[in-house]
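For the sequence shown, this note's numbering gives the first residue as 322, with consecutive numbering after it. Working notes, structure below.
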Amino acid sequence: MECICGHLILDNHDHLSNKGHVIPDQLWLDLLDRINSAIERPGKTDKERETACMAVRKKLNDSKRTAWQCDTCERLYIDDTNGRTLAFESASTGVATGIFRGF
Ligand SMILES: [Zn+2]
322 MECICGHLIL
332 DNHDHLSNKG
342 HVIPDQLWLD
352 LLDRINSAIE
362 RPGKTDKERE
372 TACMAVRKKL
382 NDSKRTAWQC
392 DTCERLYIDD
402 TNGRTLAFES
412 ASTGVATGIF
422 RGF
């Protein structure tokens with residue numbers, strides 16, 4: 322996608338340092354409960370364990386909003402529940418870079 326500043330934000334591979342996933346707080350505890358359940362009661366068979374894992378993955382994917390940060394101007398872009406990508410400008414210019422870095 323092209324940022325408002327003109328910089329091109331690439332999303333063409335995994336482990337991007339400028340991409341994140343946001344989970345709304347209203348969905349957070351339910352997600353943690355599902356993870357706990359899958360760990361504590363994974364099932365007796367391989368199929369049941371696979372089903373539990375897939376249920377957690379589905380819940381994660383259904384709960385998250387994808388987000389990106391422009392490396393040039395620090396704007397955030399976050400998908401809303403309707404599939405629109407919304408732009409947010411940092412009020413702390415120059416200090417908000419790398420907000421999605423994992424390490
Ligand atoms: Zn930008």
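Note that the Cβ used here is the ideal one computed from N, Cα and C, for glycine as well. Keep in mind that this is a model prediction, so the values were computed, not measured.
Enclosing beta strand (DSSP E) for residue i [first to last residue]
i: Lys385; result: Run containing Lys385: none; DSSP gives neither H nor E here.
i: Leu432; result: It is not possible to answer for residue 432, since the shown part of the chain is limited to 322 through 424.
i: Phe424; result: No beta strand (DSSP E) contains Phe424, which DSSP labels as neither H nor E.
Near ligand 1: residue i beta-carbon under 7 Å from a heavy atom
i: Arg362; result: no
i: Arg396; result: yes
i: Thr418; result: no
i: Met325; result: Before going further, note that residue 325 is Ile rather than Met in the sequence given. Checking the Cβ of Ile325 against ligand 1 gives yes.
i: His328; result: yes
i: Cys374; result: no
i: Thr402; result: no
i: Thr387; result: no
i: Thr406; result: no
i: Thr366; result: no
i: Thr393; result: yes
N- and C-terminal bounds of the alpha helix (DSSP H) containing residue i
i: Leu352; result: 346 to 361
* Does the count of Cβ pairs from the segment 363 to 370 and the segment 348 to 355 closer than 8 Å reach three? -> no
* Counting Cβ pairs closer than 8 Å, one from the segment 374 to 381 and one from the segment 392 to 410, do we hit at least three? -> no
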